[in-house]
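Peer 1: Just so we're aligned, residue 9 is where the sequence shown starts under our numbering, counting upward by one.
Glycine included, each C-beta is placed from N, C-alpha and C at the ideal position.
Let me begin by handing over the structure; questions about it come next.
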Amino acid sequence: MSTKIEKKNYAAITAIGGYVPEHRRTNLELEQLTETSDEWIVKRTGIKERRILDADLGTSDMAVGAIENLLENYSKKLEDLEAVLVATSTPDMPMPATANIICEKLNIKNVLAFDLNAACSGFLYALDMGASLIESNRFKNVLVIGADKISTYVNIHDRTTNILFGDGAGAVWLEASEEPGILDAKLLSNGDGREFLNIEAGGTLYPYDYELVGSEKRFIKQEGKVVFKHAIEAMSKTCLQILEENQLSIDEIDWLIPHQANKRIIEAVGREIKIAEGKTLINIEHYGNTIAATIPLCIWENTHQLKKGDLVMLTAFGAGFSWGASLLRWAI
9 MSTKIEKKNY AAITAIGGYV PEHRRTNLEL EQLTETSDEW IVKRTGIKER
59 RILDADLGTS DMAVGAIENL LENYSKKLED LEAVLVATST PDMPMPATAN
109 IICEKLNIKN VLAFDLNAAC SGFLYALDMG ASLIESNRFK NVLVIGADKI
159 STYVNIHDRT TNILFGDGAG AVWLEASEEP GILDAKLLSN GDGREFLNIE
209 AGGTLYPYDY ELVGSEKRFI KQEGKVVFKH AIEAMSKTCL QILEENQLSI
259 DEIDWLIPHQ ANKRIIEAVG REIKIAEGKT LINIEHYGNT IAATIPLCIW
309 ENTHQLKKGD LVMLTAFGAG FSWGASLLRW AI
């Protein structure tokens, strides 16, 4: 009796979209609020402005914007979708999942839909999970979204965080392919960084009440020096491991697209892995750190530079700590 062998599915990115709010929070504006300067911010972070979503809108609204942008530029139909994965640390509400809200707004019916929270590494986690769904041969079309309205949790008068963060969303369409697209991923985490990068309030440990309304616990907190050091070490090491495990040299990588947290971190990672100058894509100057949205937004803005068949390495580091690297063959 013969056994039917199913043809292996690969997952490839076949469409991409992005969205950023119209309002720009410039360094000049921050100069009026805290003791800082445009020169200091640019030197320390590489950021000149960041986008801020209106107070009456949520993360789902940006995700919808990114999906609509994708649909405008690629021949995709929402009725073909089988799963919607949303990487976010800033859901519209504790329940239901922001993925469900996005489906309601776009009239997406009867799909697997859920949120995933791995902070700034979230998009890489969601991308790998989406690829795994397709590789299982159970799914053919999966939407992976990275979206965060982190401005909600920024203390506008805290210059250690107000200079860094902005809002945005990016979306990629993963599709079953006969040729490899998502090649490999190494995703890791531990709890060592809990005290160095967090938003304490809003969960079951510190639920919102009258006492917490004006508490520092409701804002994002970051110990910059600790995060800086760990980010460079973790991202560099994981990139090098991905190369070694796939028997690749850094010269074979066409593009490095890192999480956009700080330009100095990005440059340090580039030096550590010895990637050639001009191969690292950066857009932090205009958007700042948009958490799970940074990598898809950076890809989206640079699709004109990417050529079909290019070998692309992604890497990120975020709260948890969580970190990782992914390797893919550009398929568009």
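1) Give me the Cβ distance between A91 and G138, rounded to the nearest whole Å; I'm assuming they're in contact under 8 Å.
2) Tell me, to the nearest whole angstrom, how far the beta carbon of L86 is from that of L120; I am working on the premise that it is less than 8 Å.
3) Leaving out five residues on either side along the sequence, give the residues of the same chain with a beta carbon under 7 Å from the beta carbon of I13.
4) Taking the CB atoms as reference points, tell me whether A155 and V94 lie closer together than 8 Å.
5) With burial defined as no fewer than 16 other Cβ atoms inside 10 Å of the residue's Cβ, what is the status of P102: buried or exposed?
6) Relative to the alpha-carbon of N163, which residue among I283, Q255, K225, I265 has its alpha-carbon at the smallest distance?
7) Tell me which residues share the same chain as G232 and place their Cβ nearer than 8 Å to its Cβ, disregarding the 5 neighbours each side in the sequence.
8) Taking Cβ to Cβ, would you say A126 is nearer than 8 Å to N206?
9) Could you check if S10 is buried or exposed, using at least 16 other CB atoms within 10 Å of its CB as the buried criterion?
10) With distances taken from CA atoms, which of A209, T42, M321, I292 is nearest S257?
11) Are three or more beta carbon pairs between the stretch 295-306 and the stretch 275-283 nearer than 8 Å?
12) Taking the CB atoms as reference points, tell me whether F329 and H267 lie closer together than 8 Å.
13) Work out the CA separation of T67 and D123 for me, nearest whole Å.
14) For S334, list the residues DSSP reports as bridge partners.
15) I'd like to know if the stretch 37-48 and the stretch 128-145 are in contact, where contact means that at least 3 CB-CB pairs between them fall below 8 Å.
16) Please report the straight-line C-alpha distance between L78 and D318, rounded to a whole angstrom.
Peer 2: To lay it out plainly:
1) On the sequence shown, position 83 is the one that residue 91 refers to. On the sequence shown, position 130 is the one that residue 138 refers to. Taking C-beta atoms under 8 Å as the contact rule, A91 and G138 qualify, at a distance of about 7 Å.
2) As a first step, residue 86 must be located in the sequence shown, where it is residue number 78. As a first step, residue 120 must be located in the sequence shown, where it is residue number 112. Contact flag wrong, Cβ pair sits at about 14 Å.
3) Numbered from its first residue, the sequence shown carries residue 13 at position 5. For I13, the predicted structure reports a pLDDT of 48, less than 50, and the residue's modelled location is therefore unreliable. A value from the coordinates is still provided. Nothing meets the Cβ criterion.
4) To locate residue 155, count along the sequence shown from 1; it is residue 147. To locate residue 94, count along the sequence shown from 1; it is residue 86. By the CB criterion at 8 Å, A155 and V94 fall inside the cutoff.
5) Here the question's residue 102 lines up with position 94 in the sequence shown. When all chains shown are included, P102 counts as exposed.
6) Taking the sequence shown and counting its residues from 1, the one referred to as residue 163 is at position 155. Nearest C-alpha to N163: K225.
7) As a first step, residue 232 is located in the sequence shown; it is residue number 224 there, counting from the start. Around G232: T168.
8) As a first step, residue 126 must be located in the sequence shown, where it is residue number 118. As a first step, residue 206 must be located in the sequence shown, where it is residue number 198. The answer is no: Cβ separation not under 8 Å.
9) Residue 10 sits at position 2 when you count from the first residue of the sequence shown. Interpretation of S10 is limited by its pLDDT of 44, a score under 50 that renders its predicted location unreliable; the figure taken from the coordinates is listed afterwards. With fewer than 16 Cβ atoms within 10 Å of its Cβ, S10 is classed as exposed.
10) Translated into the one-based positions of the sequence shown, residue 257 becomes position 249. Of the candidates A209, T42, M321, I292, the one whose C-alpha sits nearest the C-alpha of S257 is M321.
11) Contact check between the stretch 295-306 and the stretch 275-283: fewer than three CB pairs, one atom from each, fall below 8 Å, which does not count as touching.
12) Counting from one through the sequence shown, the residue named residue 329 turns up at place 321. Counting from one through the sequence shown, the residue named residue 267 turns up at place 259. In terms of Cβ geometry, F329 and H267 do not form a close pair [threshold 8 Å].
13) To locate residue 123, count along the sequence shown from 1; it is residue 115. To locate residue 67, count along the sequence shown from 1; it is residue 59. For D123 and T67, the distance between alpha carbons rounds to 12 Å.
14) Here residue 334 is taken as the residue at index 326 of the sequence shown, counted from 1. Paired residue(s): A193, L322.
15) By the Cβ rule, the stretch 37-48 does not count as touching the stretch 128-145, because fewer than three pairs are nearer than 8 Å.
16) Stepping through the sequence shown from its first residue, residue 78 is reached at position 70. Stepping through the sequence shown from its first residue, residue 318 is reached at position 310. Between L78 and D318, the C-alpha separation is close to 21 Å.
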